[in-house]
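Chains as they are written, first to last, in my numbering: chain A, 12 to 292; chain B, 1478 to 1767.
Each residue gets a CB set at the ideal place from its N, CA and C atoms; glycine is no exception.
A quick note: this is a predicted structure, and the numbers were derived from the prediction, not measured.
Please read the structure below before turning to the comments.
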Amino acid sequence: MIISISSGKGGTGKTTIGTNLALSLEGVQYVDCDVEEPNGHLFLKPQIEERISVGIPVPQVDKSKCTYCGECAKVCEFNAIVVVKEKVLFFPELCHGCGGCSYICPEDAIEEVEREIGVIERGKAGDIEFVHGLLNVGEPMAPPLIRTEKQFINNDKTVIIDSSPGTSCPVVEAVKGSDFCLLVTEPTPFGLNDLRLAVEMVRKLKIPLGIVVNCCDIGDREVWQYCEYESIPVLMEIPQDRRIAEAYSKGIPLVEEIPEYRSRFQDLYNQIGKRVQEESG
Amino acid sequence: MKELTVISGKGGTGKTTITAAFAALAQGQVMADGDVDAADLHLILTPRIKKEEAFYGGRAPLMNKDKCDECGICMEVCRFGAIHDFVIDPISCEGCGLCMHACPNDAITMEEKFSGHWFISDTRFGPMVHGKLGIAEDNSGKLVSLVRQQAKLIAEEENKDLIIIDGPPGIGCPVIAAITGADLVLAVTEPTLSGIHDLERVLGVAGHFNLRAMVCVNKFDINTENTEKIKEYCRERNIEVVGEIPYDPIVTRAMVARQTITEYDSGVVTDIIKRMWARIEAGLGNGFER
Ligand code: SF4
Ligand code: SF4
Ligand code: SF4
Ligand code: SF4
Chain A
12 MIISISSGKG GTGKTTIGTN LALSLEGVQY VDCDVEEPNG HLFLKPQIEE RISVGIPVPQ
72 VDKSKCTYCG ECAKVCEFNA IVVVKEKVLF FPELCHGCGG CSYICPEDAI EEVEREIGVI
132 ERGKAGDIEF VHGLLNVGEP MAPPLIRTEK QFINNDKTVI IDSSPGTSCP VVEAVKGSDF
192 CLLVTEPTPF GLNDLRLAVE MVRKLKIPLG IVVNCCDIGD REVWQYCEYE SIPVLMEIPQ
252 DRRIAEAYSK GIPLVEEIPE YRSRFQDLYN QIGKRVQEES G
Chain B
1478 MKELTVISGK GGTGKTTITA AFAALAQGQV MADGDVDAAD LHLILTPRIK KEEAFYGGRA
1538 PLMNKDKCDE CGICMEVCRF GAIHDFVIDP ISCEGCGLCM HACPNDAITM EEKFSGHWFI
1598 SDTRFGPMVH GKLGIAEDNS GKLVSLVRQQ AKLIAEEENK DLIIIDGPPG IGCPVIAAIT
1658 GADLVLAVTE PTLSGIHDLE RVLGVAGHFN LRAMVCVNKF DINTENTEKI KEYCRERNIE
1718 VVGEIPYDPI VTRAMVARQT ITEYDSGVVT DIIKRMWARI EAGLGNGFER
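Written as structure tokens, this is what we have:
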């Protein structure tokens, strides 16, 4: 089973839920797909065993063959390659690595070379299989890295995917294909506003979902009203607690600070399992 | 005209709360919401929309079934696995157009794709430009650039000399679009291991684009040891820490009341934000060397 963890709003406790769920279960693979700001490793402290460079194929023009016909520039939907007079200019940050230019070039003047956009690190955190991706700083495009990272998903395990916040392409890339999506929110106007957007996204992907309300005793009650109205199950509530915040600030997992939470996370997992079964049965 | 972008790397550090407070404290500014994905600034500034425009972020392929003879070439060439059983999956499609060029029967055309909206509004603190990207759409960077460009036009028209941009979380394309060319970037962080980790990455991006940065530590008293670490880190890099805000539940209460913290309360948090704003304003006025 693949469980993805997401949230419209950032900083609501996605990583807390993901890492503690991982620590409370057996046979888990934790895949941190928040490649812009991965944080799971700060809590799970994995032993990294392997580092894999991830690139996308980008064009390299052979000047001796190029006639500056401009076909490559015409075909590129992202203006990543431009032909001016006797020069082909290439803007690597704009290139999606689609291969359109090399496909179209009539002179066979374009060769594709790998350009690194990030790395994937794999290892072990106790019994947990750990994978995360790190987008290189200054690199705009996260989805290709997330796509590659997801090839390392081990279907024999309970897979927990942490995503970045929001509803745009990197989040969709991380969440799609999962069996269940857990959305973490907090009961404030910002939390609710962003939760609505996240729910819309997960429904568009046709993935069953449930909610975790973090800091459930702050703010107002509108998140619960919304969930009731939309028939979305609230699967867990975590109160605001100075001990939790302090442990978090030091990178100490919640279930280590307050061991009683272990059974709560196991219960969360069981509820998810039941819902996934109902959904597929 | 000066542009200030407030970013955070890690989400949920209080970036929008602080940006909204700046909206109330600054004078003669245009506000721009650079978070077009999960925007929150409007919840506090309650804009009245004056103008709404559609945003077309790129093109998407359209398959004409009548012309398709199911040769399968498009599925072979697509590098994003976006075509299955002769149907294009809009969520996986990157809009590269290769399938159109490869199709021997001209069965695929590329059409402008509606990807969201952008707005020009009035708020109690002056004009605001904001956007809303469609759910699961890409091209957020382009929409952020558009929002900034429109904010600049308004600032020119109305003779305003400051644009305050609420940036998105992360370090990817919308963040880059929100900060490139800005006169000053304020990074809001919190004293947690994740906050520090993410701050380092987001300051890395600011450095990559040669931008001047300042730092604000929110909820600094959650872990004063980590706050010291952040200050040390900033000192070493000559980055000014312009504010240290204590944790205070009043911040959430202000949000629930849909007010900026400076409107809601005149306590210690408001005081610190006011002083912080004065330092930022002074900094902006000094004409930073990029
Ligand atoms: S399509 Fe090929 S030959 Fe034409 S300008 Fe591009 S690289 Fe040169
Ligand atoms: S690979 Fe695609 S995106 Fe990159 S330059 Fe070529 S046509 Fe443009
Ligand atoms: S390449 Fe054209 S004709 Fe062939 S399957 Fe695709 S759309 Fe149909
Ligand atoms: S436009 Fe590109 S990504 Fe989309 S279906 Fe065609 S080949 Fe695939």
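Test: residue i CB closer than 8 angstroms to a CB of chain B
i, result
"D205/A", "yes"
"C109/A", "yes"
"S175/A", "yes"
"K56/A", "no"
"A153/A", "yes"
"T178/A", "yes"
"T23/A", "yes"
"P200/A", "yes"
"V148/A", "yes"
"T196/A", "no"
"L53/A", "yes"
"T169/A", "no"
"K20/A", "yes"
"I229/A", "yes"
"I279/A", "Residue identity differs from the one stated: residue 279/A is Leu in this sequence, not Ile. Taking Cβ atoms only, chain B never reaches closer than 8 angstroms to L279/A, which makes this a no."
Separation of residue j from residue i, as counted between CA atoms
i, j, result
"I1521/B", "T199/A", "12 angstroms"
"T9/A", "G29/A", "As shown, chain A starts at 12 and ends at 292. That puts residue 9/A outside it, with no answer to give."
"G129/A", "E1635/B", "43 angstroms"
"G1611/B", "I283/A", "28 angstroms"
"C44/A", "I157/A", "6 angstroms"
"P250/A", "P181/A", "29 angstroms"
"I1550/B", "C1576/B", "8 angstroms"
"I1656/B", "E37/A", "43 angstroms"
"G1720/B", "V1694/B", "6 angstroms"
"Q1504/B", "D1510/B", "17 angstroms"
"F1499/B", "G51/A", "32 angstroms"
"G1672/B", "H143/A", "18 angstroms"
"I222/A", "S242/A", "11 angstroms"
"K1452/B", "H1519/B", "Outside the shown range of chain B (1478 to 1767) lies residue 1452/B, about which nothing can therefore be said."
"R1421/B", "V46/A", "Outside the shown range of chain B, which is 1478 to 1767, sits residue 1421/B, and nothing can be said about it."
Start and end residues, alpha helix (DSSP H) containing residue i
i, result
"P154/A", "154–161"
"K168/A", "That residue, K168/A, is in no alpha helix (DSSP H); it is neither H nor E in DSSP."
"F276/A", "272–291"
"H1806/B", "Since the first residue of chain B shown is 1478 and the last is 1767, residue 1806/B is not available in this structure."
Contact with chain A by residue i, beta-carbon distance below 8 angstroms
i, result
"E1614/B", "yes"
"K1718/B", "Checking the displayed sequence, the identity of residue 1718/B turns out to be Val instead of Lys. False, the Cβ-Cβ gap to chain A never drops below 8 angstroms."
"G1649/B", "yes"
"F1697/B", "no"
"N1700/B", "yes"
"D1514/B", "yes"
"R1601/B", "no"
"I1750/B", "no"
"A1628/B", "no"
"A1559/B", "no"
beta-carbon residue i near ligand 4 non-hydrogen atom, thresh 7 angstroms
i, result
"L1776/B", "Beyond the ends of chain B as shown, which are 1478 and 1767, falls residue 1776/B; an answer cannot be given."
"C109/A", "yes"
"I1565/B", "yes"
Residue range of the beta strand (DSSP E) that includes residue i
i, result
"N1695/B", "1690–1695"
"R1525/B", "1525–1540"
"E197/A", "Run containing E197/A: none; DSSP gives neither H nor E here."
"R126/A", "121–136"
"G66/A", "58–72"
"V94/A", "92–95"
"Y41/A", "39–43"
"I229/A", "Per DSSP, I229/A belongs to no beta strand (DSSP E) and is neither H nor E."
Integer Cβ distance of residue i from residue j, believed to fall under 8 angstroms
i, j, result
"E48/A", "D1675/B", "4 angstroms"
"E1717/B", "M1753/B", "Actually they do not touch by this definition, with Cβ atoms about 10 angstroms apart."
"D1514/B", "T178/A", "6 angstroms"
"A1659/B", "I1648/B", "15 angstroms between Cβ atoms; not a contact."
"V1483/B", "G1644/B", "6 angstroms"
"K1487/B", "G21/A", "6 angstroms"
"A1531/B", "C1570/B", "Contact doesn't hold; Cβ gap of about 20 angstroms is too wide."
"I16/A", "I171/A", "7 angstroms"
Heavy atom of ligand 2 within 7 angstroms of residue i beta-carbon
i, result
"F1557/B", "no"
"V86/A", "yes"
Residue i: CB within 7 angstroms of a non-hydrogen atom of ligand 3
i, result
"I300/A", "This structure does not reach residue 300/A, given that chain A is present from 12 up to 292, and the question cannot be answered."
"C1711/B", "no"
"N1695/B", "no"
Residue i beta carbon near ligand 1 (any heavy atom closer than 7 angstroms)
i, result
"G81/A", "yes"
"I1738/B", "no"
- Task: Could you please tell me which residues of the segment 38–50 of chain A, in chain order, have their CB closer than 7 angstroms to any CB of chain E?
- Result: This model lacks chain E altogether; the protein chains it does include are A and B.
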